[in-house]
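What follows is one structure encoded as structure tokens, with my remarks underneath.
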Amino acid sequence: MGQDKSATGPAHYRCVGVGVGPANLSLASLLHELPDMPNLFLDRRAAFGWHDDQQIPGTTLQVSMFKDLVSLADPRSPFSFMAYLHEQGRVYHFLNAQFDEIPRREWRNYLAWASSRNPNVRFGEAVQEVDFQDGRFVVRTDRAEVTADNVVVGVGSRSWVPEPARPHLGPTQFHVNEFLTWARDLGGKRVVVVGGGQSGAEAVSNLISRSGAELPRRVSWISRRRNYFPIDDTPFTNDYYMPDYADHFYRLQQETRLKLNVEHILTSDGISGSTLREIYQRIYVHRFIDGRQDLIGLHPNREVTEVNRAPGGGWDLTVRHADEPGAADHFEADVVVWATGFKPAATQFLAPIAHRLERSGEELRVDEDYAVHWDGPADRSLFVQNAVRGQRGLADPNLSLNAWRSRRIADRLCGVRHDEQLPSFVEWSTKAAAVGQWEA
Ligand SMILES: Cc1cc2nc3c(=O)[nH]c(=O)nc-3n(C[C@H](O)[C@H](O)[C@H](O)COP(=O)(O)OP(=O)(O)OC[C@H]3O[C@@H](n4cnc5c(N)ncnc54)[C@H](O)[C@@H]3O)c2cc1C
């Protein structure tokens, strides 16, 4: 559905989305099917991308294929992963391939396909400012100005590295989200990977799987975690990634929510069992079959505290052991890969209305439909996707509740509320608390 043609001046929409990653693409897919819902989604990239510089060959999706853009909210949508396979004529091949986990690059291609068949999605246009004037949001981009009744911010995350790394970033010290650009020509070199989550594991796996002249001389893997811990992908844990738990979590007190996000981190940020097995088996082959005794160094429970240029060239990393604080180790490296995570992306473009938006710590404070509390009219809302982990839990940056969260927002825009799926087998809260606080 295109712009509101009756409007004079800039094009006016019921909803404008800022950013087209999986979060807003999910919403764009649901809105595409709705009548009377002029909407536009803008992304600053020239064309669709999904962590393209981290599409390391062999990497896979960490969630089920049912957790696509739409299926868990609208199984009949033409934007499902199944619809993609069907349209490409590869349904049977996909089945017969019997993937245990879907190749990440195939998922990226699916997302790109969904963006290309939606005329309300526009690339190559960066949103520079969101203002509110005369009862409408005014969205200024580097190419145009449009107005909207509602705005949905889905700008994702940006890479994060610890302080000691910041002055040195470049071709020999880089965040893992630039892996495909910089992690080339490492044959015979000393590489240190910092970070014990899935991205760090994928970098290590890729480096130690190289062959012949491409193989580094040494790959050291440093992690603050006590060991290389797996993601917990078992049934009751996965119930944390259901809508009723997300609502239960939202109703808890802030201190409890923060504590749970720390306690449950491995339910989302642990390493896939398949990646851990791959690495372990590779180490076995290098050590015991090919006789490469010291290709790989495993150093968990440690933190990099200093980074300096080494006298002989390369980098010198000072590394402290969590349980032996008196002693520091030194690692020499030609290249350092920082797989140290992501933080929510900056939203400077909200500056004109920032003083009108309520905050909860570092986050914008949202209601149960992901609309930010503000002093504007109740029928005009700014929504945020993937920016409120502290209020909504670890599922927020994840794909698991993507379609459901978009449904919540779409419902609010339409003034309806779809029925929810049945709640978890687990009763997360007392009945009194659930009813009482929801109504508060
Ligand atoms: C390598 C990798 C693999 C992952 N795999 C999984 C997985 O298997 N399962 C899972 O559940 N989660 C996974 N995640 C986590 C999560 O699903 C992804 O990070 C996901 O991309 C988040 O979607 P998003 O739409 O919020 O943000 P993004 O995908 O980052 O998209 C945000 C978009 O906003 C655009 N943008 C930013 N600012 C502006 C602006 N001012 N104007 C216009 N456009 C703007 C950007 O160009 C970008 O395209 C993975 C994350 C990474 C890094």
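If you count by my numbering, then the sequence shown holds residues 1 to 440, one letter each, in order.
Using N, Cα and C, we set each Cβ at its ideal position, and we do this for glycine too.
Assigned exposure category for residue i - 16 Cβ within 10 Å defines buried
| i | result |
| --- | --- |
| A378 | exposed |
| P243 | buried |
| Q88 | exposed |
| F349 | buried |
| L27 | buried |
| L445 | Because the chain is modelled from 1 through 440, residue 445 falls outside the range shown and cannot be assessed. |
| C305 | Here residue 305 turns out to be Thr, not Cys, going by the sequence shown. The residue in question, T305, is exposed, as its Cβ has fewer than 16 Cβ neighbours within 10 Å. |
| I289 | exposed |
| L422 | exposed |
| D142 | exposed |
| S116 | exposed |
| S6 | The predicted model places S6 with a pLDDT of 45, which falls under 50 and marks its position as unreliable; any figure quoted below should be read in that light. Looking at its Cβ environment, which holds fewer than 16 other Cβ atoms inside 10 Å, S6 is exposed. |
| D74 | buried |
heavy atom of ligand 1 below 7 Å from residue i C-beta
| i | result |
| --- | --- |
| L42 | yes |
| L399 | yes |
| R136 | no |
| P22 | yes |
| F99 | no |
| R407 | no |
| K50 | Here residue 50 turns out to be Trp, not Lys, going by the sequence shown. Result yes, Cβ under 7 Å from ligand 1. |
| Q391 | no |
| S199 | yes |
| Q253 | no |
| N238 | no |
| L382 | no |
| A46 | no |
| S157 | yes |
| G154 | yes |
| Q385 | yes |
| V18 | yes |
| A126 | yes |
| F66 | no |
| F342 | yes |
| F349 | yes |
| L30 | no |
| A83 | no |
| Q62 | yes |
| A345 | yes |
Close-in-space but distant-in-sequence residues of the same chain around residue i (CB under 8 Å, 5 per side omitted)
| i | result |
| --- | --- |
| Q437 | At Q437, the pLDDT of 49 sits below 50, so the modelled position is not reliable and the matter cannot be decided from this model. |
| E439 | Any answer about E439 is weak, because its pLDDT of 43 lies below 50 and its placement is not dependable; what the coordinates show is given next. Counting only Cβ-Cβ distances below 8 Å, and skipping sequence neighbours, we find nothing. |
| E358 | L364, R365, V372, H373 and W374 |
| C414 | L34 and M37 |
Where residue i falls: helix, strand or coil (DSSP)
| i | result |
| --- | --- |
| R44 | coil |
| D244 | helix |
| T305 | strand |
| E332 | strand |
| W182 | helix |
| A346 | coil |
| G58 | coil |
| L276 | helix |
| R356 | helix |
| G187 | coil |
| R166 | helix |
| Y284 | helix |
| R320 | strand |
| F236 | helix |
| S429 | coil |
| L298 | strand |
Residues near residue i by beta carbon distance below 6 Å, same chain, minus five either side
| i | result |
| --- | --- |
| R447 | Since the first and last residues shown for the chain are 1 and 440, residue 447 lies out of range. |
| H147 | According to the sequence displayed, residue 147 carries Thr and not His. Hits under 6 Å: P10, H12, R136 and V138. |
| E47 | The sequence shown places Ala at residue 47, not Glu. Correct list, in chain order: F123. |
Proximity test, Cβ basis, 8 Å: residue i and chain D
| i | result |
| --- | --- |
| R309 | Absent here is chain D; the protein component of the structure consists of one chain. |
Neighbourhood of residue i by C-beta, 7 Å cutoff - its chain only, sequence neighbours within 5 removed
| i | result |
| --- | --- |
| H264 | Y240 and L394 |
Spell out a yes or no on whether the segment 374 to 391 and the segment 202 to 222 are touching, meaning 3 or more CB-CB pairs, one atom from each, closer than 8 Å.
no
At least three beta-carbon pairs within less than 8 Å, the segment 174 to 190 to the segment 46 to 59
yes
How do the segment 139 to 159 and the segment 183 to 192 stand: do at least 3 beta-carbon pairs fall below 8 Å, yes or no?
no
Between the segment 303 to 323 and the segment 129 to 143, can you find at least three pairs of beta-carbon atoms closer than 8 Å?
no
For the pair the segment 201 to 218 and the segment 56 to 75, tell me if three or more CB-CB distances fall below 8 Å.
yes
For the structure I just gave you, are there three or more beta carbon pairs, one from the segment 387 to 404 and one from the segment 62 to 74, closer than 8 Å?
yes
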